[in-house]
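Numbered according to my numbering, the sequence shown spans residues 22 to 97. Beta carbons: idealized from backbone N, C-alpha and C, even for Gly. Nothing here was measured: the structure is a model prediction, and the numbers come from that model.
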Amino acid sequence: AILDAISDLPQLSTDEAGQIIKKVTKEQKVKKGLVMRSLRAALTGDVHGPDLMESWVILHQQGRDKIRLKQALAIA
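Quick look at the structure:
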């Protein structure tokens, strides 16, 4: 669901990232913590680290977020 939400976004801000997570948790009826931990693991390869939203924005600017999410889904 997150991959679908960012598929057409040329830019991503921390506010937009937060809104995407809020939307996905509501639509999928899952807890925010589960989505955040899963997203962090998929994007950074770790469950702890710097601010997730800022990391996600940087990875999106580099065009690496979609690749990492697809890789995580492929092994899930």
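Handout entry: CB-CB length for Asp67 against Arg61, believed under 8 Å
Key = As a working mapping, residue 67 is identified with position 46 in the sequence shown. As a working mapping, residue 61 is identified with position 40 in the sequence shown. Going by Cβ atoms, the distance from Asp67 to Arg61 rounds to 7 Å, so yes, they are a contact pair.
Problem - Asp25, enclosing alpha helix (DSSP H) - first and last residue - result: For the purposes of this step, residue 25 is taken as the residue at position 4 of the sequence shown. Ile23 to Ile27 is the span of the alpha helix (DSSP H), which, as asked, contains Asp25.
Exercise for the section: Round the Cβ separation of Leu30 and Ala63 to the nearest angstrom and send it over; I've been treating them as touching at under 8 Å. Expected result: Against the sequence shown, residue 30 aligns to sequence position 9. Against the sequence shown, residue 63 aligns to sequence position 42. At roughly 17 Å, the Cβ-Cβ gap does not stay under 8 Å, so Leu30 and Ala63 are not in contact.
Exercise for the section: Have a look at Leu33, Ile88 and Val45 and flag the residue whose alpha-carbon is nearest the alpha-carbon of Gln82. Expected result: For the purposes of this step, residue 82 is identified with residue 61 of the sequence shown, where counting begins at 1. Taking only the C-alpha atoms, the option nearest Gln82 is Leu33.
Problem - Residue burial classification, Val51 (beta-carbon count within 10 angstroms, cutoff 16) - result: As a working note, residue 51 is residue 30 in the sequence shown. Exposed, because fewer than 16 other Cβ atoms sit within 10 Å of the Cβ of Val51.
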